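Residue numbers (the working numbering): 107 to 913. We put the CB at the ideal spot given by N, CA and C, even for glycine. What you are looking at is a predicted structure, and each value in this text was computed from that prediction instead of being measured.
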RNA sequence: GCCGGUGUGGUGGAAUGGUAGACACAAGGGACUUAAAAUCCCUCGUUGGCAACAACGUACCGGUUCGAGUCCGGUCACCGGCACCA
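In structure tokens form, the structure reads like this:
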């Protein structure tokens, strides 16, 4: 009988739909396993070939866990708010909700076509009011706890999306989503105080089983540094506070720089003798985007604030004060002490503006460039009481001195900024706050949630930066929940990252209309045991959701301070030619086509076989055939398998393969697991097999090719015999003593070079092996005129004979 | 510039310090077939040789070791992330 994948896959998908073998039961006696994949954005293009890679891997992991006796939660949902849908709505005049609904249906159909073992009854949709009710609820808790605040600040403004972006959404100065220019714009925005969690977000990484590069990337992004805040007096009476990581170089501070946005610039307006020049520079800087500012880093610019001098606290010297856009207002105190001898940027600036350069760490040539040390062993000079110390000794010495004099304190700084949370767009969760002229920002009472998105005429954002919702006067004008007076609703919406920051909790209890998740369900399922997702989310979704989860932990909603116990990441799938798949290159592979031509099981198997899961791989349509051929060969084994239990002939290969596949699935080495299965099948063909042997193959293959295996399981009578599907059987176990063949081929080296191989009984004594090696014809030839001085035997692997010419 | 990662046949890729190239794809040869597809068998790192075999070979240079793709030091190339963060 031929392997008719189309019929088989349709048949079993129907059976699974009906019998629900993937349903997770909250509170079962079995140990729980919560495997999670990043839920997709239901785009109009449908499933991309990039989706099945992580989905299939976690599907295999969870299928094996089920067979190992775990109560598995493997859920799916849709992260459906977002700009592409909104833009499509604008263009085609269809409501985003309708588009979303259609796209979700299409995705659902495609995901079911691939045979994933999702518990569909727990499917969530972030745009469903029953879902975003709880997104809004969490926002209200953040607000009530002082972690959501509104402030006017320069923000990243995408000129094309007409929308504010978070720092994490700006890549190389352009919008991560659309690639358009991002400019600075002063706007009043809702912010989330993620920086209050910066230290915990770093510290708690240590206890987590995340792949190392994720931890490193998150740490770098949070960017913790330690140093000191030092106060400089000025001739005008105001003190300038700076942040420095190198207080030891204070004697070398020959000038100061404030950022153009520093509050003192305006405050000193009347003192400055060159105000016009200063004002012009400030104005110019204000109109540059962050990108332009850093692009122009070839040449430092700035203006001296004439009329004010600062006083270096260690030597009392008066030093000039500048403004320059190389000092960022958003980091530290927005002001620096410049040490041109030991900082590249300060050196460059000092050369251009003719500032004094004083060497305070010996060893460089400060005429040619700043001497920036890679270690802290440099010796201090020109530094009064620090002279002769190493940098390592000088830092605490100076910190102590500053502290005693009351002019400096130790300080920790982070690069991480608070999260710009509001968006001037329609297709997002409404922010459930009301602005009352008397009471200020007032949260909506929780019993009024969800605050449903109103129907609008046009979703088009405006150039003045107002959300489309602002035109809905009926909706905007409301009454203050606090005093009952007239008030206005917030018209900005939440960013796409909101709904995805907690969705894994909703899966635990998706239909609860009283709480976002019940205590019982959260206690049972939390935390997520294994979360796989893309590296591109490391400093976005992954960081945001850790932050929200910590907050939920603090207010007692969840019982763990971290959401995910384990995090792995998959590599990208590249198009033919090793390039990123894109419509313009015409190298996009549609999973539909592969499934139609070869079947879902081949698609699943091949996407796992293609290469190292963590690395980028190139898709090849040609190579898919090999995976199909393998499944055909598995199927055809039914014709040649003889009746009987597991055979002695195949015992070693079967036990070896069980061991290999078991270990490889746990470490996501699906490619080598499949290679091992292929080797076993090849051996079955050359040595013959029994139904008992085939049974083991079917069980091992079941997570990879579930449709085909269930059909084979039925045809070979095992379904009837056990009254269970193959996927419901226990995972095969191996006996380590049965993984060895009776005889082993061992390599024989002479002076480390392979010269021959011998076959000896497994676990032979060293002397037996050496004797056998010396008796080998090829080795005998090597030994002529030589003397054996040493032997090295690696059990069951090799013998190395060290020979030396005879005297 | 800083932080990660990678470099192995024609291709995708395997190798706890222990027989480099498992497992596949492609290619070539053969069987079956009227023919094609499918299937099955054989060859398949480079050089020399009919062969047995020998020499060379995991980006490059050096080191440690009985033994290095793997460990150490240095160099080059590519990929990803961050980047005027004081």
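What residues in its chain sit with their C-beta under 8 angstroms from that of residue 787, if we drop five residues either side in the sequence?
736, 739, 740, 743, 803
Distance, Cα to Cα, residue 856 vs residue 888?
8 angstroms
According to DSSP, is residue 603 helix, strand or coil?
coil
Is residue 823 helix, strand or coil by DSSP?
coil
Please list the terminal residues of the continuous beta strand (DSSP E) segment that includes residue 213.
Here residue 213 belongs to no beta strand (DSSP E); instead the alpha helix (DSSP H) covers 202–219.
Just to confirm before moving on: does the CB-CB distance between residue 557 and residue 550 stay below 8 angstroms?
yes
Please state whether DSSP places residue 348 in a helix, a strand or coil.
strand
Which residue wins for smallest C-alpha separation from residue 347, given the options 326, 354, 370, 325?
370
Does the beta-carbon distance from residue 242 to residue 535 come in below 8 angstroms?
yes
Contacting residues, own chain, Cβ-Cβ under 7 angstroms from residue 665 (five flanking each side not counted)
628, 629, 632
How about residue 417 and residue 355: are their beta carbons less than 8 angstroms apart?
no
Cβ neighbour criterion (16 or more within 10 Å) applied to residue 530
buried
Which of helix, strand or coil DSSP assigns to residue 752
coil
Beta-carbon gap between residue 653 and residue 634 smaller than 8 angstroms:
no
Looking at the strands, I want to know which residues DSSP matches up with residue 264.
269, 288
Name the residue from 859, 893, 906 whose alpha carbon lies nearest to the alpha carbon of residue 876.
906
For residue 717 and residue 695, what's the separation of their Cα atoms in angstroms?
17 angstroms
Beta-carbon proximity check, residue 433 vs residue 489, cutoff 8 angstroms:
no
CB contact flag (residue 495, residue 467, <8 angstroms)
no
Residue range of the alpha helix (DSSP H) that includes residue 875
872–881
Buried or exposed: where does residue 192 fall if 16 or more other Cβ atoms within 10 Å of its Cβ makes it buried?
buried
In whole angstroms, what is the alpha-carbon distance linking residue 142 and residue 381?
59 angstroms
Check this for me: beta carbons of residue 711 and residue 663, under 8 angstroms apart or not?
no
For residue 589, count neighbouring Cβ atoms within 10 angstroms of its own Cβ and tell me buried if that reaches 16, exposed if not.
exposed
From the DSSP output, in three-state form, read off residue 358 for me.
helix
Can you tell which of 165, 226, 198, 328 has the C-alpha that lies nearest to the C-alpha of residue 614?
226
Should residue 569 go down as buried or exposed, given a rule of 16 or more other Cβ atoms within 10 Å for buried?
exposed
Where residue 788 sits in the DSSP three-state scheme
helix
Could I get the ranges of all uninterrupted alpha helix (DSSP H) runs contained in the stretch 496–552, with 4 residues as the minimum, in chain order?
497–511
From residue 605 to residue 240, what distance separates their C-alpha atoms?
9 angstroms
Roughly how many angstroms separate the alpha carbons of residue 926 and residue 847, rounded to a whole number?
Past the boundaries of the shown model lies residue 926; the chain is included only from 107 to 913, so the question cannot be answered.
Segment limits, alpha helix (DSSP H) that includes residue 161
158–173
Considering only the alpha carbon of each residue, which of 882, 428, 291, 806 lies closest to residue 378?
428
Leaving aside the five residues before and after residue 563 along the sequence, list all residues of the same chain whose C-beta is less than 7 angstroms from its C-beta, in chain order.
none
By how many angstroms is the C-alpha of residue 602 removed from the C-alpha of residue 185?
8 angstroms
If contact is defined by three or more beta carbon pairs under 8 angstroms, each pair taking one atom from either stretch, is the stretch 469–479 in contact with the stretch 444–459?
yes
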